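Notes to accompany the following structure.
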Amino acid sequence: MPETRKSIAMLSDLSERVPYNVPELPIYAHRDPLSSYTDYRCPCHWHRDLEFIHVIAGRMDYFVNGVVTPLAAGEGLVVNSSRLHYGFSPEGTPPDKRECLFSCALVSPALFEGLTTAAAERCERAFDQGMDDFLTLSPAVDWQRDAMAAIDRLVGRMDDAARNPLPAVSAALDLCDGVLDRFRPADKTAAAEDPNAPNAPNAAGDRRDRMDVLAMTGLIQRRFADPLTLADIAAAGRMGRTRCCALFRRYVNLTPNEYLTDRRVREAKRLLDATAASVAEIARACGFSSPSYFISVFRRRTGLTPGEFRERALPSPRSD
């Protein structure tokens, strides 16, 4: 059987085009193993949707706006609207990555923010960039345990959502209603004393930094096939290389070159899956300086050569 791989469709500003279960219904809810994502890591992205995570088995780390939170089985997390985030295995390179089974639900504010003026105001307050970037969920706290049960309930109700969407909508509204008022103004006081702390800048400076990061990651998304240098990436954010590296580490948890390499490897995997192009052609199309360097980087990131990766993606021959 070919392996099922999940991918994220992102625009140049890192926003995700969310693949809702039912296209007309702005709810995504699935249960997946972390290994379904390349390199046991989801690409860094953002969306307006609230995101809910419940770890069923194993463990994973979750990055949200510069903060990494370890999650074990039975724990979870709620990502606030429009925050950079991704989940990943904290281990090294394959095959040392650790598996994690988790439920993930995304609910767009479009489902409820237009119902009344009060609903819109409630969303505006909760989603403000000065509010908490995320909430952690623990089985030891009643409302948090209920939230994780609600995540799993929503995943189950999406199975029949195309035929009868109302139970899924009801579950999604209950889930959002239970967390919206839990977001609090983020405490910047302690962080401000440490310029290297994740929340050190004030709110206005924080927003500017995020926009600069999006400009730099946007350049990489658009021009990853070109021979980009660190100076090119920093110039897209109108800053020097040192500050560029510091902001990438804070908001993306990678260096600029690591992010560029990840983008190139992700495109290489797509081409290996979807085309019959040669390894040399794919190396050139993805911005690698030579086929041998491409093979070396690909094996280091995935534990497989490009040829082995392509073979594992092919359907098994039928035996009649």
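Take 8 as the starting number for the sequence shown in the numbering used here and just add one per residue. Every residue, glycine too, gets a C-beta built ideally from N, C-alpha and C. These numbers were taken from a predicted model, which means no experiment stands behind them.
Residue j beta carbon less than 7 Å from that of residue i
| i | j | result |
| --- | --- | --- |
| Gly65 | Cys111 | no |
| Tyr266 | Val272 | no |
| His52 | Leu84 | no |
| Leu375 | Tyr44 | Residue 375 falls outside the range modelled here, since the chain spans only 8 to 327, and no answer is possible. |
| Thr262 | Cys251 | no |
| Pro234 | Leu118 | no |
| Gln151 | Leu144 | yes |
| Pro146 | Gly212 | no |
| Ala175 | Ala168 | yes |
| Gly94 | Met138 | no |
| Phe316 | Leu278 | no |
| Pro50 | Ile15 | yes |
| Ala243 | Met218 | no |
| Ala241 | Arg248 | yes |
| Ile227 | Arg256 | no |
| Asn28 | Met165 | yes |
| Ala133 | Phe190 | yes |
| Arg38 | Pro116 | no |
| Ile302 | Thr312 | yes |
| Gln136 | Arg215 | no |
For residue i, the three-state DSSP class (helix, strand or coil)
| i | result |
| --- | --- |
| Ser110 | strand |
| Gly244 | coil |
| Ser22 | strand |
| Tyr47 | helix |
| Val304 | helix |
| Pro298 | helix |
| Arg38 | strand |
| Ile15 | coil |
| Arg90 | coil |
| Asn206 | For Asn206, the predicted structure reports a pLDDT of 45, less than 50, and the residue's modelled location is therefore unreliable. A value from the coordinates is still provided. Asn206: coil per DSSP, three-state reduction. |
| Thr312 | coil |
| Leu237 | helix |
| Arg191 | coil |
| Ala198 | Residue placement at Ala198 is flagged as unreliable, the pLDDT there being 42, under the threshold of 50; the coordinate-derived value follows with that caveat. It is helical. |
| Gly81 | coil |
| Glu288 | helix |
| Gly65 | strand |
| Glu58 | strand |
Residue environment, residue i, which counts as buried when at least 16 other CB atoms sit within 10 Å
| i | result |
| --- | --- |
| Glu128 | exposed |
| Asn87 | buried |
| Ala154 | buried |
| Tyr69 | buried |
| Pro97 | exposed |
| Leu221 | buried |
| Ala79 | exposed |
| Pro30 | exposed |
| Val148 | exposed |
| Glu131 | exposed |
| Glu318 | exposed |
| Tyr47 | buried |
| Ser297 | exposed |
| Gly294 | buried |
| Arg90 | buried |
| Ser42 | buried |
| Leu187 | buried |
Sequence ranges, beta strand (DSSP E) only - wholly within the region 255 to 282, length at least 3: none
contact_flag[the region 22 to 33, the region 71 to 87] where n(CB pairs < 8 Å) is 3 or more: no
Alpha helix (DSSP H) runs contained entirely in the region 105 to 170, provided each spans 4 or more residues: 124 to 134, 149 to 164
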